[in-house]
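*Asks:* First the structure, which I've put down as structure tokens, then a few questions once you've had a look.
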Amino acid sequence: MNRKNNSKITGPLLTALYCRLSLEDGKDNESMSISNQKLLLKDYAEKNGMFNCEYYVDDGFTGRNFVEVR
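Numbering (this note's numbering), first residue to last: 2 to 71.
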């Protein structure tokens, strides 16, 4: 039996931009790596018609070191 998805998207779409902290930059608040990634991702998104961008940054916290940092 074939199913057809009739759901329609309403409202503006969100473009998720993911940045990951590199090991070399782990000591900086916002590293050059993260800053550069944000610029590259935003440029790519805009050139490909993606707007309404939201950044998601992996700041290097893991389950192991999260408690130590708090």
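Just so it is clear, CB atoms sit at the ideal spot from N, CA and C, and this is done for glycine as well. Every value quoted in this text rests on a predicted model; they were computed, and no experiment measured them.
Here's the rule I'm using: 16 or more other beta-carbon atoms within 10 Å means buried, otherwise exposed. How should residue 10 be labelled?
*Replies:* Label assigned to residue 10: exposed.
*Asks:* Would you identify the three-state DSSP class for residue 41, choosing helix, strand or coil?
*Replies:* helix
*Asks:* Nearest-angstrom Cα distance between residue 59 and residue 13?
*Replies:* Distance between the alpha carbons of residue 59 and residue 13: 25 Å.
*Asks:* Pick out whichever of 16, 8, 6 and 5 has its Cα sitting closest to the Cα of residue 57.
*Replies:* 16
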